[in-house]
Structures are given as C-alpha cells and as structure tokens.
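A quick write-up on the structure given underneath.
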Amino acid sequence: MSTPALRGPYWVTVRQYRRTLWLTGALVLAALAVIGGLRIWDLQTPDVYLEDGYWRPADDNSGFRMLRFGVEQLSLGMVLLPLLAGAFVAGPLVAREFESGTYKLSLTQSVSPAAWLRAKLLTATAVALATTLALMGVFRIGWGRASGTWDLNWSDRGPYEATGVVLFAYVLAAVAVGVLVGQLIRRTLVAMTATGLVMGVVLLVLGELRWSFLAVKTVTGPRDATLWTPDNGLMMDMGLITSSGARFDQSVCWDEVNRSPRLDGMGDGGMRIFENCLTRHGVTGQYVDYHPQSHFWPTQLIETGILLALAALAGYAAFRLLRARHP
Amino acid sequence: MTEDTALRAELLGRKYGGRRGGWALRECDFTLPRGRICALVGPNGAGKSTLLALAAGLLRPTEGTIEAPARELLAYVAQDKPLHPRLSVDDTLRMGRELNPGRWDSALAERVVEGGGFSSDTLVHHLSGGQRTRVALALALGKRPELLLLDEPMADLDPLARHQLMGLLMAEAAEHGTTVVMSSHILTELEGSCDHLLLLHGGRIRLDGPVEDLLAAHTLLTGPVADLAPHTVIESRTTGRQLTALIRREGPVEGPWETSEPSLEELLLAHLRTPEGAAA
Chain U
1 MSTPALRGPY WVTVRQYRRT LWLTGALVLA ALAVIGGLRI WDLQTPDVYL
51 EDGYWRPADD NSGFRMLRFG VEQLSLGMVL LPLLAGAFVA GPLVAREFES
101 GTYKLSLTQS VSPAAWLRAK LLTATAVALA TTLALMGVFR IGWGRASGTW
151 DLNWSDRGPY EATGVVLFAY VLAAVAVGVL VGQLIRRTLV AMTATGLVMG
201 VVLLVLGELR WSFLAVKTVT GPRDATLWTP DNGLMMDMGL ITSSGARFDQ
251 SVCWDEVNRS PRLDGMGDGG MRIFENCLTR HGVTGQYVDY HPQSHFWPTQ
301 LIETGILLAL AALAGYAAFR LLRARHP
Chain X
1001 MTEDTALRAE LLGRKYGGRR GGWALRECDF TLPRGRICAL VGPNGAGKST
1051 LLALAAGLLR PTEGTIEAPA RELLAYVAQD KPLHPRLSVD DTLRMGRELN
1101 PGRWDSALAE RVVEGGGFSS DTLVHHLSGG QRTRVALALA LGKRPELLLL
1151 DEPMADLDPL ARHQLMGLLM AEAAEHGTTV VMSSHILTEL EGSCDHLLLL
1201 HGGRIRLDGP VEDLLAAHTL LTGPVADLAP HTVIESRTTG RQLTALIRRE
1251 GPVEGPWETS EPSLEELLLA HLRTPEGAAA
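Top line first, the protein sequences correspond to chains U and X.
Take 1 as the starting number for the first sequence in the numbering used here and just add one per residue.
Take 1001 as the starting number for the second sequence in the numbering used here and just add one per residue.
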C-alpha cells in the first residue's frame, strides 16, 4: 500500500499492519458483495399483494430469506466489531511491542513515547471508525428491505447498534480500553482476551440497561380486546389492571385455576374459573408498557455518552500509565 | 550536565521487578566524559543491561539520578536486537528516517547494512542473528547520536563481520565525536578499541576511569612475602616464599619486588575475583 501522506510514527504503524488493513478492506468488500448479491437475488421474485396497499415477500422467495439471514449475521458481526477492534489494539498493536521487546526500539527514537502511543491510538481509531461506517452503509442496503421483520426491529440487538451512532462509541471505547489493557498486560494473547472480555461485559451490561435510561410509556385498554403496542414500540411489560387503575398480579387467579380439582391445564372450565376470578378482583382492563420508536435516538445518545466517557477515561489512564513508566 | 560530560550517574540504584525485588544496580556513581569509547564490563547479571536501559530512559531509577542526553541525541541497541519482524530492511531504515526527522543519515545507515549478505527487501524475520545486529546498528548509527548505548553488540557476529562493524563504528565515533558505551562479558571483544572502562560487579561499580590511568595506577609485582602497605592489595597469591600480587599503588613501589604494568585482562580478573574489591 502506498502511503505518501503519512509521516513519522503514523507511517510506521500503517506500514507494520498493512496486511491487517488489506484484510479489513477485503472483509468490508465481501460484506458488500454478499448483501448486494442477496438484494439482487431477492428482486428476482415479485412480492405478493396483501391488502390496503401492503405487499409481502412471496413464500417461495429464498432470496428474501437469505437476505434476512445475511442481514442478521452482519448485524451480529457489527455488534462484535468493537470486541475485535479492542482485542487487536490491545494485543498485536500494543502488548506485542512489550512482549517482543520492540518497545525498546520504539521508545528510544526521537519521537516521544506519547507521540508513539498517540499514533497507534489514532490510526486504530481512524481505521476502526471507517470500517464501522462502511459496514453500516452495507447494512443499510439490506436493512432497507428486511427491517421490521422478525428479529429485525429498530430495538433488536444488532439493528439497534448497526443503525445508530452507538456503535461508533463502542468502537472508540474498545480502542481506548485496548490501548490501556495492552500496556497493563504486556502479553499479546492475554491482553486480547482481557480486552474482549471487558468489552463483552460492557456490551452485555449496557444492552441490559439501555431500556431503563428513559421512562416507559404506558397504554391501557379494555380487558377483552386485543391491545396493540403503539408507535412500532418495543414492549417492555404487559398485564391487567383493576377498575381503580392498579396493576393486578394474575398469578393469584392462575393459582386458583391450578387448585381446582379435576382440571389439567387450560380447558374451557379452567378459563371460566380464571375469568370469574378476574371479575371478582375487579379487573377491567389491561396495559402495555413500551418504548416508542421515538426513544431510539435519545437512548442511543445516552448510551453513546456513557461509552465516550469510558473511552476518555481509558485513554487518559493509558497515557498516564505510559508517562509513569517511561520517562 | 556540563558540556563535556556524556553520561553521569549519582547514587543510581534500580530494583528488579519494581519495588519489592532485589537490587540490580546500587549506589552507582560515575561520570563519563564526552567522546570516550567506554567498555562496560562485568560478569553476567552484574547489572550492565539495567544500567544501559536506565541511560536510554527506558527505566526509571529506583533511587539516585542518571543524566543522559535527550532522546533525540542518544541511540540504544538492546541485547536482543529488537526489530519489527514483518518490516523489510528497507522499511526498517525508512522507519529510522520517519522517527528521527532532521537527524537521519540514510547514506550511513545503508553503508552499515551493506555487506550483510542480504538484499534490502528481505523481511527482518528472515535475517540471521548477525544480520539483525547489522540492521539494529544501522538504525542506531543512522540517527547520528551523541551517545551510543550498545548492549552486547557483537555477540551474534562472526569474527569478520565483527571486525568490519567495529571498524565502521570506531570510524564514525571518531569522525563525529560520538560517545560510545558498549557492554560485554567478553573482554577481548572490547580490548584495543576502548579508552574508558566501567567495571560492574554485583550491581556496583568496581572500576571506573580511563583505561590508561587505570593500568598506570596498578602494578603487578612478584617477590618475597612482605607487608605491601601503604599500597592497596587487589589480589595476592603466595607460592612457597614467592608472592604475586596486583596492587593499586600509593606512591612509588619500593622493595625487593619485580614490578610490571598489568594487562587489562589481568586487572579486570583480579578485581572480579576479589569479593568486596577496592573501588577505584
């Protein structure tokens, strides 16, 4: 790869890892080829008219099924991208310098240790962000067709990260954590594993917490009608309410059904007991707690903020550590 | 640091593995004047590598201070000759240029690499130990340092390459007034090219000074057994009534002894064999 614009430690970093760069570019192109190809395959079978101007993919459209599969896999890969980026930075980029002793070479040149580490950090950041952006573009090609189908909603893990800004923040945090961990654990494989674990935990914890950032909205309706989640929302909870508006714990009535003799399961008899129980307790309606789709961006921004704070903290610690160890 | 000092240590000490380990280096005091070719000698584990890493700024002293030129003005070749294995020789030299802007002398670096028996597009991890040494030295010399720190530089080289590179090194040092500190546990590697000596033993400095002064200050004598005061006896051996001793003179030697100036090797071995030694 010719790199005429790069200078100093940036040139060295890119030159050292040019194979990784080529590989990254090849993977993005492969993703583009697969998703683009599946999009074209899907076009070969016309959709079926449903009603009210809605169309749905034909049942024998294997192209659509494969496209859905491809989009799901791509979104999964994109969720794991921060782990990969972090592990690469921690291991080959930083820890290996200490493990193999080449830091003795790098840190005794005219450029300062901070400039050396900064070049690694910024190069990795630029490449990781560009890769993320490119993959997001590829994802959009498939997402435009497959969104809203099973497991591919705006709030699902995968699409949520792949269509918002939060993935950029995950990548930034992973690179910063990698630079820190790579210095703390000066062994390539251990540092890679540790960074992968840290970012995996961050991913899981924030995935659990993200729908608690904002208060849910609630919609109520009569007991007997079907109550849909409005606004293409993400349902968080549903249940029954009494005439006073209090939430009712259904298990009281399920217990009553189970205690009744000569009833196994929910036959008509069981259902009648259940319904009578509800009426006796004054249950008149039902509720759904949900996040409307309008919560997407605020949730993304809050999560991004948390991750950027983590990235800043890890980056600061990494440079402090470098200065403490190498005068 | 004054104009004519290249390296100075004051009560320098460094522990192994952080604060809790034993001392790798303790209470080292020395001043190395500019322009010297200094041999840093001592047995394995004497603290030579630690001292060089401290001078290179890769380690922080546990106690005391070491004053060395700024990062831009010194070059360091570690014992294991670390290089990036996936870069070619050309790229490695280009790296030297990129990381030392304004100082890099590519003609000199290429001259060091020439004659190594490998083409410049060879990847570093395909080089032999001696070839790696050559590239590492090229990287260090190309930087045009004021202070060149070399840890066991010639260990991997065959005699011919050693002779050639040593010649090149000495010529460069002489031309630019470079101060060189070279460590070795093989004295013959350094004898003849060094004019200054630092002898380390057990983490402490046992001898420090210009080679000529050190030799002149010591005397090897043989003769009848007698009290050698006021001279300091470094090492003595008695065979029957015959005494052989290496002493550091205090004034002229007067007595019934045959005297001669010791060789550098005799001097070093005598100091190394003496447990507590007499610091010079």
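Ideal Cβ placement from N, Cα and C applies to all residues, glycine included.
Note down, in chain order, all residues in the region 161-195 of chain U with a beta-carbon under 8 Å from any beta-carbon belonging to chain A.
The question asks about chain A, but that chain is absent: this structure's protein chains are U and X.
Against Ala1075(X), what residues of chain U qualify as contacts under a CB-to-CB distance less than 8 Å, listed in chain order?
Near Ala1075(X) (Cβ distances below 8 Å), the residues of chain U are Thr108.
Considering Cα atoms alone, identify which of Leu1073(X), Gly1240(X), Tyr1016(X) and Thr1031(X) is closest to Leu1025(X).
The shortest C-alpha separation from Leu1025(X) is found at Tyr1016(X).
Could you tell me the alpha carbon to alpha carbon distance between Ser212(U) and Asp42(U), rounded to whole angstroms?
One C-alpha to the other measures close to 38 Å.
From Arg1036(X) to Leu1073(X), what does the alpha carbon distance come to, in whole angstroms?
For Arg1036(X) and Leu1073(X), the distance between alpha carbons rounds to 16 Å.
Checking 7 Å against the spacing of the C-beta atoms, do Glu1010(X) and Gly1064(X) come in under that value?
Contact: yes.
In chain U, which residues lie with their C-beta within 8 Å of the C-beta of Glu1098(X)?
Within chain U, the residues near Glu1098(X) are Arg7, Gly8, Pro9, Trp11 and Val12.
Determine the chain U residues that contact Leu1087(X) at a beta-carbon separation under 8 Å, and present them in chain order.
Going along chain U in sequence order, the residues near Leu1087(X) (Cβ under 8 Å) are Arg15 and Gln16.
Among Thr1219(X), His1201(X), Asp1195(X) and Leu1220(X), which residue has its Cα nearest to the Cα of Gly1209(X)?
The shortest C-alpha separation from Gly1209(X) is found at Asp1195(X).
Can you name, in chain order, every residue of its own chain whose Cβ lies under 7 Å from the Cβ of Leu1272(X), other than the five neighbours on each side?
Cβ within range, chain order: Pro1043 and His1201.
Mind checking whether Pro82(U) and Ala225(U) have CB atoms under 7 Å apart?
Not a contact, by the Cβ cut-off of 7 Å.
In terms of alpha-carbon separation, which member of Leu172(U), Trp11(U), Glu72(U) and Asp60(U) lies closest to Phe88(U)?
Comparing Cα positions, the closest option is Leu172(U).
Just the C-alpha distance for Gly1022(X) and Ser1184(X), rounded to the nearest angstrom, thanks.
Whole-angstrom Cα-Cα distance: 23 Å.
Just the C-alpha distance for Ala169(U) and Leu1157(X), rounded to the nearest angstrom, thanks.
Taking the straight line from one Cα to the other gives about 51 Å.
DSSP three-state label for Tyr17(U), please.
Reduced to three states, the DSSP call for Tyr17(U) is coil.
Taking Gly1013(X) as the query, report the chain U residues whose CB atoms sit under 7 Å from its CB, ordered along the chain.
Within 7 Å Cβ-Cβ: nothing; Gly1013(X) doesn't reach chain U, min ~16 Å.
Answer with buried or exposed for Gly86(U), where buried requires no fewer than 16 other C-beta atoms within 10 angstroms of its C-beta.
That one is buried.
Would you verify that the beta carbon of Thr3(U) is, or is not, closer than 7 Å to some beta carbon of chain X?
Since pLDDT at Thr3(U) reaches only 49, below the 50 mark, its modelled position is unreliable, and the value read off the structure follows with that caveat. No, Thr3(U) lies away from the interface with chain X (no Cβ there is under 7 Å from its Cβ).
Quick one, are the C-beta atoms of Ala318(U) and Leu180(U) less than 7 Å apart?
Yes, these two residues count as a Cβ contact at 7 Å.
Distance, Cα to Cα, Arg1162(X) vs Leu1137(X)?
Cα to Cα, the separation comes out at about 12 Å.
From the DSSP output, in three-state form, read off Ala1245(X) for me.
Looking at Ala1245(X) - three-state DSSP - the assignment turns out to be strand.
Cα separation between Ala1278(X) and Val127(U)?
Per-residue confidence for Ala1278(X) stands at a pLDDT of 44, beneath the threshold of 50, marking its modelled position as unreliable; no derived number is given.
State the CB to CB distance for the pair Asp1125(X) and Arg1086(X), rounded to an integer number of angstroms; the pair is presumed to be in contact (CB under 8 Å).
It should be noted that the sequence gives His, not Asp, for residue 1125(X). That belief holds up - the Cβ atoms of His1125(X) and Arg1086(X) are roughly 7 Å apart, short of 8 Å.
Beta-carbon within less than 6 Å of Ala58(U)'s beta-carbon, same chain only, minus the 5 sequence neighbours each way: which residues are those?
Correct list, in chain order: Thr45 and Val48.
Which residues in the same chain have their Cβ closer than 8 Å to the Cβ of Ala1216(X), if we skip the five residues on either side of it in sequence?
Cβ within range, chain order: Glu1261.
Examine chain X for any beta-carbon lying closer than 7 Å to the beta-carbon of Pro92(U), and answer yes or no.
False, the Cβ-Cβ gap to chain X never drops below 7 Å.
Going by beta carbon distance, what residues of the same chain come within less than 7 Å of His295(U), once the five residues before and after it are set aside?
Excluding residues within five positions, the ones whose Cβ falls inside 7 Å are Leu214.
Express the C-alpha separation of Gln1131(X) and Thr1178(X) in angstroms, rounding to a whole number.
Rounded to whole angstroms, Thr1178(X) to Gln1131(X) spans 23 Å at the Cα level.
Check whether the Cβ atoms of Ile1066(X) and Leu1083(X) lie closer than 7 Å to each other.
No, Cβ-Cβ distance for Ile1066(X) and Leu1083(X) is not below 7 Å.
Note down, in chain order, each residue of its chain lying with its Cβ closer than 6 Å to the Cβ of Glu1146(X), except the 5 sequence neighbours on either side.
Excluding residues within five positions, the ones whose Cβ falls inside 6 Å are Pro1069 and Leu1073.
Among the residues of its own chain, which have a CB less than 7 Å from the CB of Trp116(U), if the five just before and after it don't count?
The residues are Pro9, Ser106 and Leu107.
For His1084(X), decide whether its Cβ has a neighbour in chain U, counting only Cβ atoms nearer than 7 Å.
Output row for His1084(X): interface = yes.
For Arg1103(X), which residues of its own chain have a beta-carbon under 7 Å away from its beta-carbon, when the five flanking residues on both sides are left out?
Here the set comprises Glu1072, Lys1143 and Arg1144.
Please classify Arg223(U): does DSSP put it in a helix, a strand, or coil?
Three-state result, Arg223(U): coil.
Does the region 270-284 of chain U come within contact of the region 184-195 of chain U, defined as at least 3 CB pairs closer than 8 Å?
No, the region 270-284 of chain U does not touch the region 184-195 of chain U.
Looking at Leu206(U): is its Cβ nearer than 7 Å to the Cβ of Glu303(U)?
Contact flag set, yes.
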